[in-house]
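Report on one structure; see the data block that follows.
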Amino acid sequence: MDNTTTIKITEVDSSDLIEPIKSFDTDCQNRIVIERHVMPIIFVPGIMGSRLQTAAGAMVWDPDDSGFMLKKFGLITVSAAEKKAMVIGSEFKDEYLQVVSESEHISDKNDNTRKDRGWGGVSWSSYGKILKELQNRQWDQTVNLFFEFPVHAFGYNWTASNDLAGKMLAEYIKQVKDRYKGRKCEKVILVTHSMGGLVARSSINLHGAKENVLGVVHGVQPATGSPTAYWRMKAGFERPHTIPDIEFMQWFKNPLKMLKHKWGRLVQQGKPLSELGGLFNIPVPLPDINIGKGNITAWVLGTDGEEVTALLGNMPGGLQLLPNKQYKNNDGWERWLELLDAEGERVAYPVSDPYKEIYQEKEKYYRLINPDWLNPEKKSKSVLKAGVDPWTFYIRYLTEAETFHDKLAAVENRGANLHPETYQFYSSGIASPDRVVFEKSEAGFLAGAWHVVKETIGQIPETAKDTALTLVMKSALGPVSFTKEIIETGASLVSGTVLKDRLANRGGYRGEVDDNDIPAHQGEKLQLVIMKLPDGAGDGTVPESSGFALKPKEDRKRTFCIADKSGFEANFVDEKAQRTKPKRDPDFDEGFFDRGHEPIYKTKSAQLITFTAIENICRREIQNILNKKG
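Taking my numbering, the leading residue of the sequence shown gets 11, the next gets one more, and so forth.
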């Protein structure tokens with residue numbers, strides 16, 4: 011007797027399941043193989059989020075290798091000229107840097123295709139979590155029945171124009187579709203972080219990728235730029251802690267996270283152990299880089315305005331993060347650069363064009379670029395071609411940035427031509443530069459130092475000024491404290507210039523200007539100018555106004571705010587800090603430590619928004635498929 015069972019395999023497209031399957035036989039075992047559509051998800055990282063090497067194979071940027079980043083960028087002995095030579099070369103060229111594909115961090119015995127899907131090209135410490143969460147996601151049952159979601163990553167040269175990166179992303183999308191040739195793979199979904207949003211919009215609206223993209227999810231995108239880029243080119247990345255921070259309440263609310271936060275600051279900033287409540291006062295001789303964690307640390311791009319300018323001023327990609335012609339601050343005002351004189355009178359820019367009025371300005375103190383900072387090589391051995399003016403190169407890159415944003419705005423037409431399936435989220439409640447405010451006074455240098463102290467740690471009683479530690483500056487060997495006597499003596503010994511310059515650009519900007527607003531170090535009737543600390547709502551990097559600047563379709567909720575719903579920090583700060591409170595009611599609640607710009611995709615809120623948006627995009631596509639079948 012033959013006990014062999016005949017098995018009949020029936021292949022069915024997922025869209026055919028709306029109808030009864032009629033090909034079953036009664037005298038055999040029937041098995042159904044459902045052919046799902048392939049819907050690749052492509053993650054596009056932000057600036058500094060792609061690992062880069064030279065065309066010759068020399069590593070240049072690897073945020074996952076803390077030792078490398080410390081040696082090449084983090085040590086106090088590494089000069090601005092050396093940093094620029096690493097990242098820019100002798101002269102900026104699009105082809106100088108390329109994405110690295112190999113990475114030991116992405117290895118997984120259960121998933122040997124990560125390299126082929128581009129995972130090695132992005133920072134694992136920043137994006138590994140969201141890549142794995144997307145790949146392992148248990149999608150909604152209906153969505154899962156129709157689609158499978160291989161997760162890809164698109165690394166790119168973030169020093170070059172987002173126009174070029176957008177073109178390359180459009181080509182990469184086609185390559186991803188070709189990878190699944192023979193199966194139904196018609197479109198992809200893009201998930202972006204920060205500057206990656208500009209790359210995606212460039213790809214869709216300037217380089218023809220729209221027909222190949224089913225939908226987009228933008229996370230904390232500086233859609234219209236951010237004054238943070240301006241702020242850092244004046245003051246460096248090493249700015250004072252600006253998040254409203256009532257420490258004893260934070261210890262009470264989040265003791266474990268507060269301990270982790272304190273340890274991170276101890277390691278990063280060389281803080282004394284006494285700040286943790288200990289008995290010792292030993293500075294840790296490490297610079298501001300997150301050793302052992304591999305997070306993207308913007309500090310390595312420059313601790314002061316001179317170092318940041320030497321890099322961002324020589325790369326089109328960095329200049330494309332500046333506020334463009336569409337930018338408005340959190341109060342809806344186009345004039346985001348405010349100048350206050352000693353009497354409190356206000357003048358604000360730009361009147362119409364930030365490129366002409368601010369970025370091309372060469373002499374006024376509120377200029378973006380000090381021309382002398384563009385070429386730090388001049389202090390040692392110049393590697394620029396003989397006779398080439400660095401300002402000429404800067405204007406070229408700035409024009410490239412302006413042209414990119416003008417083209418993008420013209421196509422998008424204030425949002426009318428955005429991809430119809432666009433979602434976005436932003437983070438808020440952290441002090442962010444939605445505007446930049448300069449304040450003048452008739453006072454001299456010493457009063458200016460007191461002003462910095464007040465802005466940094468609050469009002470100081472008059473009686474404390476002569477006896478207490480009055481000014482604390484960060485150094486590679488820990489905090490350095492200055493009393494009133496030390497400041498006065500030091501200023502007199504070096505005619506004020508050396509000490510003033512050191513205090514001017516680390517974590518802030520101050521300078522003396524003449525009656526024509528030209529920076530000066532000597533002469534009569536000089537006025538002190540200080541750039542005030544950021545006080546707007548945002549994620550510390552991107553202000554609210556830019557984070558929700560895109561105008562997606564209004565047929566459903568497509569814009570989401572992540573913040574602390576309790577407004578915890580704002581309840582304990584003075585009235586001026588109320589500008590840090592979100593302008594819109596938060597949709598998702600995240601605590602003090604979680605909602606910053608760089609780590610936002612590590613939060614449950616950002617992940618939930620992304621997953622839900624993808625499922626909504628796919629449900630609509632399923633409906634379209636079924637409608638065609640009907």
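Backbone N, C-alpha and C fix where the C-beta goes; we use that ideal spot for every residue, glycine too.
7 Å Cβ cutoff met for residue i and residue j
i             : j                 : result
serine 133    : leucine 179       : no
leucine 384   : tyrosine 404      : yes
tyrosine 433  : valine 227        : yes
aspartate 444 : proline 360       : no
valine 209    : glycine 176       : yes
serine 60     : valine 109        : yes
lysine 450    : aspartate 351     : yes
tyrosine 182  : phenylalanine 157 : no
glycine 439   : alanine 219       : no
proline 386   : alanine 90        : yes
glycine 557   : valine 230        : yes
proline 326   : proline 364       : no
glycine 128   : asparagine 340    : no
glycine 548   : serine 442        : yes
leucine 224   : lysine 197        : yes
alanine 239   : leucine 174       : no
lysine 372    : aspartate 527     : no
glutamate 45  : aspartate 74      : no
glycine 56    : histidine 217     : no
proline 430   : lysine 563        : yes
threonine 234 : glutamine 336     : yes
Reduced DSSP category for residue i - H, G, I as helix; E, B as strand; rest coil
i              : result
isoleucine 52  : strand
arginine 352   : One detail in the question is off: residue 352 reads as alanine in this sequence, not arginine. Of the three classes helix, strand and coil, the one that applies to alanine 352 here is coil, per DSSP.
leucine 289    : With a pLDDT of only 36 at leucine 289, under the threshold of 50, the placement of this residue in the model should not be trusted; the figure read from the coordinates follows. Of the three classes helix, strand and coil, the one that applies to leucine 289 here is coil, per DSSP.
cysteine 195   : coil
cysteine 571   : strand
valine 357     : strand
threonine 123  : coil
aspartate 599  : strand
tryptophan 129 : helix
valine 318     : helix
histidine 47   : strand
leucine 107    : strand
valine 201     : strand
glutamine 434  : strand
glutamine 633  : helix
Residue environment, residue i, which counts as buried when at least 16 other CB atoms sit within 10 Å
i                 : result
leucine 636       : exposed
asparagine 120    : exposed
glutamate 317     : buried
serine 113        : buried
lysine 366        : exposed
glycine 354       : exposed
glutamine 151     : exposed
isoleucine 116    : buried
valine 161        : buried
alanine 320       : buried
lysine 638        : exposed
threonine 313     : buried
asparagine 634    : exposed
valine 398        : exposed
alanine 65        : exposed
isoleucine 368    : buried
isoleucine 17     : exposed
phenylalanine 455 : Reliability of the predicted coordinates at phenylalanine 455 is poor, the pLDDT of 44 falling under 50, and the value obtained from them is presented with this limitation in mind. Phenylalanine 455 is buried by the Cβ-count criterion.
CA nearest to the CA of residue i, picked from the options
i                 : options                        : result
glutamine 185     : Phe78, Ile52, Tyr106           : Ile52
lysine 93         : Gly323, Trp241, Asn380         : Gly323
glycine 206       : Gly138, Leu428, Pro592, Asn172 : Asn172
alanine 559       : Lys575, Lys338, Lys81          : Lys338
asparagine 167    : Trp401, Leu347, Val70, Pro333  : Val70
threonine 620     : Arg41, Ile140, Gly342          : Ile140
phenylalanine 159 : Gln330, Gly312, Glu143         : Glu143
alanine 245       : Leu543, Ala66, Cys628          : Leu543
serine 576        : Asp37, Arg594, Gly131, Asp599  : Asp599
arginine 629      : Pro562, Met49, Glu45           : Met49
aspartate 72      : Lys81, Ala66, Leu62            : Leu62
lysine 103        : Thr169, Asn626, Trp401, Pro592 : Thr169
tryptophan 447    : Lys125, Gly77, Arg356, Asp597  : According to the sequence provided, residue 447 is valine. The question's tryptophan does not apply to it. The shortest Cα separation from valine 447 among Lys125, Gly77, Arg356, Asp597 belongs to Arg356.
asparagine 427    : Phe83, Arg211, Lys82           : Arg211
Given 8 Å, three or more beta-carbon pairs between the stretch 398-414 and the stretch 186-193:
no
Check whether the stretch 537-551 touches the stretch 516-525, taking contact to mean three or more Cβ pairs, one atom from each stretch, closer than 8 Å.
yes
Does the stretch 563-571 come close enough to the stretch 410-419 that 3 or more CB-CB pairs lie under 8 Å?
no
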